[in-house]
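Asks: Quick one: the structure is below, questions incoming.
Chains as they are written, first to last, in the working numbering: chain A, 1324 to 1522; chain B, 1324 to 1522.
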């Protein structure tokens, strides 16, 4: 016999397209779903489909939202002179968890990567420049990841933004809180030394 | 701001109900799905919902199928005098991958577990006995897991089946092929010694 029950195979095929879910996990999940009440699988399917259909990009900062403006942009208490540039909406969520930043965001939806053929026109850099043109933003905080592409993207944006008279800053690189010096890589350590501050 | 975009939160909530997917993975998956084309998320949702709706239990052996009889039961080349009892449909898939067993199956859909309040009437034991009553089965192979509950269930079924004149066997316990004696637990080793065979 051919091993697989067709509907289970179809579920597993679709599930295995998700990141971090291999063939075996997908099979296990498919068998699990097969054993669950039809109603709870319907609820899952509905949440995924309707959820995805409701997601839009904020017309101002390109964060995810289900409305026209995202929750941050709609919040009148946020400082409009502070703009934090991040790679994707997940980073906004991370920053918001910190509960310590009260400015606005701009989500690039990608990062410059010549290797992958991603240039300035493929991410939301033009829209960022449009926002800066209004003169409302006084400080632009570049919070792309501290890796090669993140640094290159930050440098690129800084070069464009500075002539507009905006103060451009970059988040600090250093030793993560709670980590161990012994296990910190040399580049991070050297950045931490370089960025040392007077107490 | 409250951190989460509502539709993403809904997706993550549903995904985190799946086994082996924690809160963090569910979040990551939800953000991933948010970044995918609506059409591919619809395809996933459809595969899950329609897949689940199509799954039925084989009326004879209770394996998963999308028809009345499962692929094994429909296959006229299978030996009808050989019946292998397993805990759930996943185990049928595992046995079939072996490509070496040509009898039929009976899926219990559970295992006796007094601790969890699962008794003989909660799993498909009565249906198994009905099948044995026909006298067609000559050998009943008990392939429940080699753990306490699997052994207890096998012993229970053996006690019921033997009076019907059926030959009752249990799959061998021993050292897994490709494993290392040094890392094999003592119970398994002792079972392997006990079950040794003449060469």
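Every residue, glycine too, gets a C-beta built ideally from N, C-alpha and C.
Computed from a predicted model, the values in this text were never measured in an experiment.
In the DSSP assignment, the beta strand (DSSP E) including residue 1494 of chain B goes from what residue to what residue?
Replies: Segment: none, residue 1494 of chain B is in no beta strand (DSSP E) and carries neither H nor E.
Asks: Using only the alpha-carbon positions, how far apart do residue 1375 of chain A and residue 1395 of chain A sit?
Replies: Going by the C-alpha atoms only, they are around 20 angstroms apart.
Asks: Which residues does DSSP list as the beta-bridge partners of residue 1428 of chain A?
Replies: Answer is A/1407.
Asks: Indicate the three-state DSSP secondary structure (helix, strand or coil) for residue 1441 of chain A in the structure shown.
Replies: It is a strand residue.
Asks: Chain B beta carbons: is any one of them nearer than 7 angstroms to that of residue 1473 of chain A?
Replies: Judged by the 7 angstroms Cβ criterion, residue 1473 of chain A is not in contact with chain B.
Asks: Evaluate residue 1510 of chain B with the Cβ neighbour count: other Cβ atoms within 10 Å of its Cβ, from every protein chain shown; 16 or more gives buried, anything less gives exposed.
Replies: Classification for residue 1510 of chain B: exposed.
Asks: Cβ of residue 1438 of chain A less than 7 angstroms from any chain B Cβ?
Replies: Closer than 7 angstroms: no.
Asks: Could you tell me which residues DSSP pairs with residue 1379 of chain A in its beta bridges?
Replies: The partner list for residue 1379 of chain A (beta bridge, DSSP) reads A/1388.
Asks: If the cut is a Cβ gap below 9 angstroms, which residues of chain B does residue 1412 of chain A touch?
Replies: Correct list: 1328, 1331, 1354, 1357, 1358.
Asks: Quick one, which of B/1343, B/1347, B/1408 has its alpha-carbon nearest residue 1452 of chain B's?
Replies: Of the candidates B/1343, B/1347, B/1408, the one whose C-alpha sits nearest the C-alpha of residue 1452 of chain B is B/1408.
Asks: For the segment 1374-1387 of chain A, enumerate the residues whose C-beta is nearer than 7 angstroms to any C-beta of chain B, in chain order.
Replies: Residues 1374, 1375, 1376, 1377, 1378, 1387.
Asks: Three-state secondary structure (DSSP) at residue 1435 of chain B?
Replies: Coil, per DSSP.
Asks: Throw me the rounded Cβ distance for the residue 1498 of chain B and residue 1507 of chain B pair, which I believe falls under 8 angstroms.
Replies: That belief holds up - the Cβ atoms of residue 1498 of chain B and residue 1507 of chain B are roughly 5 angstroms apart, short of 8 angstroms.
Asks: Got a sec? Which residues, its chain only, sit under 8 angstroms from residue 1490 of chain B by beta carbon, not counting five neighbours each side?
Replies: Answer for residue 1490 of chain B: 1461, 1462, 1463, listed in chain order.
Asks: Taking C-beta pairs closer than 9 angstroms, name the residues in chain A that residue 1365 of chain B reaches, listed in chain order.
Replies: In chain order: 1371, 1372, 1375, 1376.
Asks: To the nearest angstrom, how far is it from the Cα of residue 1388 of chain A to the Cα of residue 1378 of chain A?
Replies: Cα-Cα distance, rounded: 6 angstroms.
Asks: Tell me whether residue 1335 of chain B is buried or exposed, calling it buried when 16 or more other Cβ atoms sit within 10 Å of its Cβ.
Replies: So residue 1335 of chain B counts as buried.
Asks: With respect to the alpha helix (DSSP H) encompassing residue 1329 of chain A, which residues constitute its N-terminal and C-terminal limits?
Replies: Residue 1329 of chain A -> alpha helix (DSSP H) spans 1329-1338.
Asks: With a threshold of 7 angstroms on Cβ separation, who are the neighbours of residue 1383 of chain B within its own chain once the five nearest residues in sequence on each side are excluded?
Replies: Excluding residues within five positions, the ones whose Cβ falls inside 7 angstroms are 1392, 1396.
Asks: Nearest to residue 1367 of chain B by alpha carbon, out of A/1512, A/1347, A/1330, A/1400?
Replies: Of A/1512, A/1347, A/1330, A/1400, the residue nearest in Cα terms is A/1330.
Asks: Measuring straight from C-alpha to C-alpha, what distance separates residue 1345 of chain B and residue 1371 of chain A?
Replies: Looking at the two C-alpha atoms, the distance is approximately 17 angstroms.
Asks: If you pair each beta-carbon of the segment 1441-1452 of chain A with each one of the segment 1412-1425 of chain A, do three or more pairs fall below 8 angstroms?
Replies: Segments in contact, no.
Asks: Please classify residue 1411 of chain A: is it buried, with 16 or more other beta-carbons within 10 angstroms of its beta-carbon, or exposed?
Replies: So residue 1411 of chain A ends up on the buried side.
Asks: Compare the Cα-Cα distances from residue 1456 of chain A to each of A/1430, A/1472, A/1483, A/1431 and report the closest residue.
Replies: Out of A/1430, A/1472, A/1483, A/1431, A/1483 has the C-alpha closest to the C-alpha of residue 1456 of chain A.
Asks: For residue 1356 of chain B, count neighbouring Cβ atoms within 10 angstroms of its own Cβ and tell me buried if that reaches 16, exposed if not.
Replies: With 16 or more other Cβ atoms within 10 Å, it is buried.
Asks: If residue 1493 of chain A and residue 1477 of chain A are in contact, beta carbons under 8 angstroms, what's the gap, nearest whole angstrom?
Replies: Rounded, the Cβ-Cβ distance is 6 angstroms, consistent with contact.
Asks: What is the rounded straight-line gap between the Cα of residue 1352 of chain A and the Cα of residue 1338 of chain A?
Replies: In a straight line, the C-alpha of residue 1352 of chain A is about 8 angstroms away from that of residue 1338 of chain A.
Asks: Would you say residue 1389 of chain B lies against chain A (beta-carbon separation less than 7 angstroms)?
Replies: Yes, residue 1389 of chain B counts as interfacial toward chain A.
Asks: Can you give the Cα-Cα distance for residue 1385 of chain B and residue 1328 of chain A, rounded to whole angstroms?
Replies: One C-alpha to the other measures close to 13 angstroms.
Asks: Kindly give me the distance between the Cβ atoms of residue 1481 of chain B and residue 1465 of chain B, rounded to whole angstroms, as I take these residues to be in contact under 8 angstroms.
Replies: Indeed, because the Cβ distance is near 7 angstroms, the residues count as touching under 8 angstroms.
Asks: Would residue 1469 of chain B count as contacting chain A if we go by Cβ distances under 7 angstroms?
Replies: No, residue 1469 of chain B lies away from the interface with chain A (no Cβ there is under 7 angstroms from its Cβ).
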